[in-house]
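Down below is the structure, laid out as structure tokens.
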Amino acid sequence: MSPATPFPVSLESWACAVCGADDSRPYREKMYAIGEVRFDLVRCSRCGLVYANPRPDGPTLGRMYDDPEYYTRGYNLGVEEQNYFERKDELLAQYDGEVAVLENETGGRGSLLELGSAGGFFIEAARRRGWKVQGIELSPPAARYSIEELGLPVFEGLLEEAPLEPGSFDVVVADNVLEHTTDPAGVLRRLCDLLRPGGHALIVVPTYVNSPYFRISLGLGSLVPRRLLGPKLLALLKLDEEEARGYPYHILEFNRPTLLRLARGAGLEVLRADRSVPYPAHLFKEPRPTLRQRLLRGAFRGLNAGMRAKLLPGARLRLLGRKSGG
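Numbering (this note's numbering), first residue to last: 1 to 326.
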């Protein structure tokens, strides 16, 4: 029996958020659910964007992100098993390295805005390295944590409501944000407007669901080696046999062409678009891996190497763009 719907759910239909066409075909039925309400994925016949249609309306999206389990299960969609806030030290160390890479790519430190700053760990890592930082976070618990626990300047609310001056940042970051939005083109245009001429935008999105890997796996059906993959990896890869796989947090599923189209449409020169695959925590954090886990680790490392060498499509895309001028 399906679980009871935990809160009121309203739906709305929409056209493709990248090209505007109202011309789609079924992609994956019953991909997500809120209680008894199911959500299908469709794929735009014109540009290839995959999206939930109908989608949750604005108030329903707000209720989804108020779920206290979001930062344990929804935030990483199965890649990590530990609650986001409990990973503070690990994430600060990880983000220190990522900010160092960003400094190399953009020419040094300056002012940085992160959209979807969550608990503030990325901008805290940047601040410790000498950046002037600002966050924007819609989730009240996450915004409060970053303000009260870390003392960070974070605006709680929507990007379009934030009282920020155009041209006031050297770098803007949206890491795993666009797939949650209803107007990704508008979000990127606003972020680009907040950049100074010559400033940089870092955009990261998951691309696995809109990739050949997912489509081939669906086509294989019962031929997928379920015993080798195991239940946790099957759930992460969205190949488990359950009717639905959690709330529709990702209402958009990009691929490389759709993300590049949005970035260029917002006024960004694309400098690089790097492909990779996230490593599942239950495989890579196990201190005593089994033979099966070692084999799967090798498979993920091989895929990641092929993606970074641009020999294989990515399961995640990291785009660095630059605003003209400056």
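Quick reminder that beta carbons are idealized off the backbone N, C-alpha and C, glycines included.
- A direct Cα-to-Cα measurement between residue 280 and residue 301 gives close to 11 Å.
- DSSP places residue 237 in no alpha helix (DSSP H); its state is neither H nor E.
- The beta carbon of residue 111 sits closer than 6 Å to the beta carbons of 132, 169 and 170 from its chain, once the five residues preceding and following it are set aside; these are given in chain order.
- Rounded to the nearest whole angstrom, the CA to CA distance from residue 5 to residue 179 is 23 Å.
- Annotated as distal: residue 154 and residue 201, with beta-carbon spacing of 8 Å or more.
- For residue 171, the secondary structure class from DSSP, reduced to helix, strand or coil, is strand.
- Look at residue 250 here: in three-state DSSP terms it is coil, with no helix or strand label.
- For residue 42, the enclosing beta strand (DSSP E) covers residues 37 to 44.
- DSSP places residue 274 in the strand class (E or B) of the three-state scheme.
- Spatial neighbours of residue 48 in its own chain (CB-CB distance under 8 Å, excluding positions within 5 residues in sequence) are listed in chain order as 210, 255, 257 and 258.
- Judged by DSSP secondary structure, residue 221 falls outside any alpha helix (DSSP H); it is assigned neither H nor E.
- Taken in chain order, the complete beta strand (DSSP E) segments of 3 residues or longer contained in the segment 266 to 322 are 268 to 276.
- In chain order, 11, 12 and 13 place their CB closer than 7 Å to the CB of residue 54, counting only its own chain and leaving out the 5 sequence neighbours on each side.
- Residue 29 holds the alpha-carbon nearest to the alpha-carbon of residue 215 among 188, 29 and 20.
- Spanning the alpha carbons of residue 187 and residue 115 requires a straight line of approximately 10 Å.
- Cβ atoms of residue 321 and residue 312 stay farther apart than 8 Å, at about 23 Å.
- Residue range 154 to 156 is occupied by the beta strand (DSSP E) that includes residue 156.
- According to DSSP, residue pairing for residue 26 in a beta bridge involves 42.
- Judged by DSSP secondary structure, residue 9 falls outside any alpha helix (DSSP H); it is assigned neither H nor E.
- The criterion of a C-beta distance shorter than 8 Å is satisfied by residue 203 and residue 263.
- Unbroken alpha helix (DSSP H) stretches of 4 residues or longer found wholly inside the segment 73 to 143: 88 to 106 and 121 to 128, given in chain order.
- In the displayed model, residue 17 falls within coil according to three-state DSSP, outside both helix and strand.
- In the DSSP assignment, residue 185 falls within the unbroken alpha helix (DSSP H) covering 184 to 194.
- In the structure shown, the three-state DSSP call for residue 32 is strand.
- If you draw a 10 Å sphere on the C-beta of residue 324, you find fewer than 16 other C-beta atoms in it, and that means exposed.
- Here DSSP, grouped into helix, strand and coil, assigns residue 59 to helix.
- In this structure residue 285 is exposed. Its beta-carbon is surrounded by fewer than 16 other beta-carbon atoms within 10 angstroms.
- Around the beta carbon of residue 101, a 10 Å sphere encloses fewer than 16 other beta carbons of the protein chains shown; the residue is thus reported as exposed.
- Per DSSP, the beta bridge partners of residue 203 are 174 and 319.
- When C-beta atoms of the segment 62 to 72 are compared with those of the segment 122 to 130, fewer than three pairs fall below 8 Å, so the two segments do not count as touching.
- By DSSP's assignment, residue 50 forms a beta bridge with 43 and 253.
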